[in-house]
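S.K.:
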Amino acid sequence: MTIFEAQTEKERLALIEETAKAFKERAYKHDIEGTFPYENYEDLKAIRYPAATVPKKYGGLEISLVEMLKAQEIIASYDGSTGLSIGWHMGITKNVAELNVWDEEKYASYAKEVVEKNVLLNSAATELATGSPTRGNRPQTNAVATEDGWVLNGRKSFTTLSPILDYFAVTASIEGTDDVGNFLVPRHTPGLEVVETWDSVGMQATGSHDIVLKDVQVAKDDLLHYLTPGDKGAQGWLLHIPACYLGIAKGAMREALQFATTYSPANIEGTISDIPTVKHKIGEIELLLLEMESILYRVARKWDESDDDVRQTMKAELGAVKVSVVNKANKVVDLAMRIVGARSLSAKNPLQRYYRDVRAGLHNPPMDDMTLVVLADQSISRFKERP
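The numbering used here applies: residue 1481 is where the sequence shown begins, and numbers increase by one.
#1: Mind pulling the beta strand (DSSP E) runs of 3 or more residues that sit fully within the segment 1594 to 1652?
#2: Shortest alpha-carbon distance to Ser-1774 belongs to which of Val-1534, Val-1675, Leu-1672 and Ala-1723?
#3: If you reduce the DSSP assignment to three classes, tell me which class Val-1674 lands in.
#4: Please determine if the segment 1690 to 1706 and the segment 1814 to 1831 are in contact, where contact requires at least 3 C-beta pairs separated by less than 8 Å.
#5: Can you list the alpha helix (DSSP H) stretches of 4 or more residues lying completely in the segment 1699 to 1740, in chain order?
#6: Helix, strand or coil: which one does DSSP assign to Thr-1696?
#7: Is the beta carbon of Leu-1768 less than 7 Å from the beta carbon of Val-1812?
#8: What separation, rounded to the nearest whole angstrom, lies between the Cα atoms of Ala-1577 and Pro-1535?
#9: DSSP on Phe-1663, reduced to helix/strand/coil?
#10: Could you give the DSSP three-state label for Ile-1691: helix, strand or coil?
#11: How many whole angstroms separate the CB atoms of Pro-1603 and Ala-1649, which I take to be in contact at a CB cut-off of 8 Å?
#12: In the segment 1755 to 1792, which residue ranges form an unbroken alpha helix (DSSP H) of at least 4 residues, counting only runs that do not cross its ends?
#13: Does DSSP put Ile-1527 in a helix, a strand or coil?
#14: Three-state secondary structure (DSSP) at Ile-1654?
#15: Taking the alpha helix (DSSP H) that Tyr-1578 falls in, what are its first and last residues?
#16: In this structure, does DSSP put Gln-1866 in helix, strand or coil?
#17: Secondary structure at Pro-1830, three-state DSSP: helix, strand or coil?
#18: If you compare alpha carbons, which of Pro-1670, His-1689, Ser-1688 and Leu-1718 is closest to Ala-1699?
#19: Flag this pair as touching only if the segment 1745 to 1752 and the segment 1707 to 1721 have three or more C-beta atom pairs under 8 Å; answer yes or no.
#20: When you compare only the Cα positions, how much space is there between Gly-1799 and Pro-1745?
#21: Going by C-alpha to C-alpha distance, which of Thr-1533, Phe-1663 and Thr-1499 sits closest to Tyr-1558?
#22: Would you call the CB atoms of Glu-1489 and Glu-1584 closer than 7 Å?
#23: Residues in the same chain with beta-carbon distance under 7 Å from Ile-1554, minus the five sequence neighbours each way, listed in chain order, please.
#24: Using beta-carbon positions only, say whether Phe-1638 and Ser-1565 come within less than 7 Å of one another.
#25: Which of the three DSSP states is assigned to Leu-1493 in this structure?
#26: So, do the segment 1837 to 1855 and the segment 1801 to 1809 have three or more beta carbon pairs nearer to each other than 8 Å?
#27: May I ask you to report which of helix, strand or coil DSSP gives Ile-1860?
#28: Using a Cβ-Cβ cutoff of less than 8 Å, which residues in the same chain neighbour Arg-1618 once the five nearest sequence positions on both sides are dropped?
#29: Would Gly-1683 and Ser-1561 qualify as a contact pair, given that the criterion is a beta-carbon distance under 7 Å?
#30: Quick one, which of Met-1847, Ala-1502 and Lys-1525 has its alpha-carbon nearest Phe-1484's?
#31: Is the beta carbon of Thr-1677 less than 7 Å from the beta carbon of Asn-1662?
#32: Exposed or buried, which one is Gly-1821 when buried takes at least 16 other CB atoms within 10 Å?
#33: Taking Asn-1879 as part of the alpha helix (DSSP H), name the residues at either end of that continuous run.
#34: May I ask you to report which of helix, strand or coil DSSP gives Gln-1552?
#35: Using only the alpha-carbon positions, how far apart do Leu-1645 and Leu-1601 sit?
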């Protein structure tokens, strides 16, 4: 069965959960061995998940942002690395269609490949020298116009899904101009090399290696669109990031409940879930999860139900979701580990991996400091404008 054969959102999410359950056991193996979970993506492709955010007119399902986030949350609850990684493809595919920034024929061709071949795409934008593109620095990766197209040279870091991507959307400064372009580079283009540099202790199985471009030649129409460094506007699709960390938090809660309701030390009757201090921690987690779900899905529904004018006023709200959810997710995992105790530090216990993975969210965009400044400026402006 595929998600295209499922009749309702509930059935699609159930299919995704059934598929993702196998990711949990694999996550231990890949974490210990430092390997990439290719089989997870084969499973997701088998149910045609990569095409879920492709518009219906191109043969996709065109699921809502809310449904995409629910699916991402489920995947991440079993393996955060797979959840975060596939989320970039899902979100970018959705966002490009909504903004209509690519040439129509170019996107149609890409969408057809996603629907028919399950191809995967991610952005290659971050560089060690310039940092996150959200900070507004021009990329050092360079694009030179030629008679037939473009030649790209440079190096990108944190390219998530690099072991399995079919396409890289590469940002580059266009030589001789002040412009920055976004270029579509197929995986097997001569001169493109994936260099295995990813050694993070968190989100280890995302395969976020460097890519090196040496005289990479692409066609003229592979210049997808021009960019303004740092000017991202409001981007609802980036809510896949907090959805991932909410999923990890729920995975941690699941582990804590499994332990608390089955562990019965000799000095008590029943299980530790009957102990008031343990119940208090479970209650704290449940409250945090309710708060996280509330802000995430309230803002996501607003995005789904709004026109472009309203959406462009939502940048502060979207950033606030990420900051709130990710920081609360870190608290949830910490509380879950306190419930389980020293056993949570065992290499075989998923909680120690959840702990390392959830902290990676603090470094995903948008950054806390930038979001808090935007919220502060908004508050100050409203105060000054009051009657």
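The beta carbon of each residue, even a glycine, is placed where N, CA and C say it ideally should be.
M.R.: Taking the coordinates as given:
#1: 1601 to 1604, 1622 to 1625 and 1629 to 1639
#2: Within the sequence shown, residue 1774 is the residue found at index 294, counting from 1. Considering only alpha carbons, the answer is Ala-1723.
#3: Locating residue 1674 in the sequence shown gives position 194, counting from the first residue. Strand at Val-1674.
#4: no
#5: 1720 to 1740
#6: The sequence position of residue 1696 within the sequence shown is 216, counting from 1. In the sequence as presented, Thr is not what sits at residue 1696; that position holds Val. Val-1696 falls in the strand class under three-state DSSP.
#7: Taking the sequence shown and counting its residues from 1, the one referred to as residue 1768 is at position 288. Taking the sequence shown and counting its residues from 1, the one referred to as residue 1812 is at position 332. It is a contact, given that the beta carbons lie within the stated cut-off.
#8: Locating residue 1577 in the sequence shown gives position 97, where the first residue counts as 1. Locating residue 1535 in the sequence shown gives position 55, where the first residue counts as 1. Approximately 7 Å between the Cα atoms of the pair.
#9: In the sequence shown, counting from the first residue as 1, residue 1663 sits at position 183. Phe-1663 falls in the strand class under three-state DSSP.
#10: Locating residue 1691 in the sequence shown gives position 211, counting from the first residue. Looking at Ile-1691 - three-state DSSP - the assignment turns out to be strand.
#11: Position 123 of the sequence shown holds residue 1603. Position 169 of the sequence shown holds residue 1649. Residue identity differs from the one stated: residue 1603 is Ser in this sequence, not Pro. Contact flag correct, Cβ pair sits at about 5 Å.
#12: 1756 to 1785 and 1788 to 1791
#13: As a first step, residue 1527 is located in the sequence shown; it is residue number 47 there, counting from the start. Coil.
#14: Taking the sequence shown and counting its residues from 1, the one referred to as residue 1654 is at position 174. Reduced to three states, the DSSP call for Ile-1654 is strand.
#15: In the sequence shown, counting from the first residue as 1, residue 1578 sits at position 98. Note on identity: in this sequence residue 1578 is Glu, with Tyr being the wrong assignment. 1560 to 1579 is the extent of the alpha helix (DSSP H) around Glu-1578.
#16: Within the sequence shown, numbered from 1, the residue matching residue 1866 stands at position 386. Sequence inspection shows Arg at residue 1866; the Gln mentioned does not correspond to that position. Here Arg-1866 sits in coil by DSSP.
#17: Position 350 of the sequence shown, counting from 1, holds the residue named residue 1830. Of the three classes helix, strand and coil, the one that applies to Pro-1830 here is helix, per DSSP.
#18: In the sequence shown, counting from the first residue as 1, residue 1699 sits at position 219. Of the candidates Pro-1670, His-1689, Ser-1688 and Leu-1718, Pro-1670 places its Cα closest to the Cα of Ala-1699.
#19: Not touching, per the Cβ criterion.
#20: In the sequence shown, counting from the first residue as 1, residue 1799 sits at position 319. In the sequence shown, counting from the first residue as 1, residue 1745 sits at position 265. Rounded to whole angstroms, Gly-1799 to Pro-1745 spans 44 Å at the Cα level.
#21: Taking the first residue of the sequence shown as position 1, residue 1558 is located at position 78. Among Thr-1533, Phe-1663 and Thr-1499, the Cα nearest to that of Tyr-1558 is on Thr-1499.
#22: For the purposes of this step, residue 1489 is identified with residue 9 of the sequence shown, where counting begins at 1. For the purposes of this step, residue 1584 is identified with residue 104 of the sequence shown, where counting begins at 1. No, the Cβ-Cβ distance between Glu-1489 and Glu-1584 is not below 7 Å.
#23: By 1-based counting over the sequence shown, the position of residue 1554 is 74. Cβ within range, chain order: Leu-1493, Ile-1496, Glu-1497, Ala-1500 and Gly-1727.
#24: In the sequence shown, the residue the question calls residue 1638 occupies position 158. In the sequence shown, the residue the question calls residue 1565 occupies position 85. No, the pair does not count as a contact, with Cβ atoms beyond the cut-off.
#25: For the purposes of this step, residue 1493 is taken as residue 13 along the sequence shown, with counting starting at 1. DSSP places Leu-1493 in helix when its eight states are reduced to three.
#26: yes
#27: Along the sequence shown, one-based indexing puts residue 1860 at 380. Residue state, collapsed to three classes: helix.
#28: For the purposes of this step, residue 1618 is taken as residue 138 along the sequence shown, with counting starting at 1. These residues qualify, in order along the chain: Thr-1610, Ser-1653, Val-1660 and Pro-1709.
#29: Locating residue 1683 in the sequence shown gives position 203, counting from the first residue. Locating residue 1561 in the sequence shown gives position 81, counting from the first residue. According to the sequence displayed, residue 1683 carries Met and not Gly. Cβ atoms of Met-1683 and Ser-1561: closer than 7 Å.
#30: Position 4 of the sequence shown, counted from the start, is the residue given in the question as residue 1484. The option with the nearest alpha carbon to Phe-1484 is Lys-1525.
#31: If you number the sequence shown from 1, residue 1677 lands on position 197. If you number the sequence shown from 1, residue 1662 lands on position 182. Taking 7 Å as the Cβ cut-off, Thr-1677 and Asn-1662 do not qualify as a contacting pair.
#32: In the sequence shown, residue 1821 corresponds to position 341, counting from 1. When all chains shown are included, Gly-1821 counts as exposed.
#33: Outside the displayed span of the chain (1481 to 1867) sits residue 1879, for which this structure offers no information.
#34: Within the sequence shown, numbered from 1, the residue matching residue 1552 stands at position 72. Helix at Gln-1552.
#35: Indexing the sequence shown from 1 puts residue 1645 at position 165. Indexing the sequence shown from 1 puts residue 1601 at position 121. Going by the C-alpha atoms only, they are around 6 Å apart.
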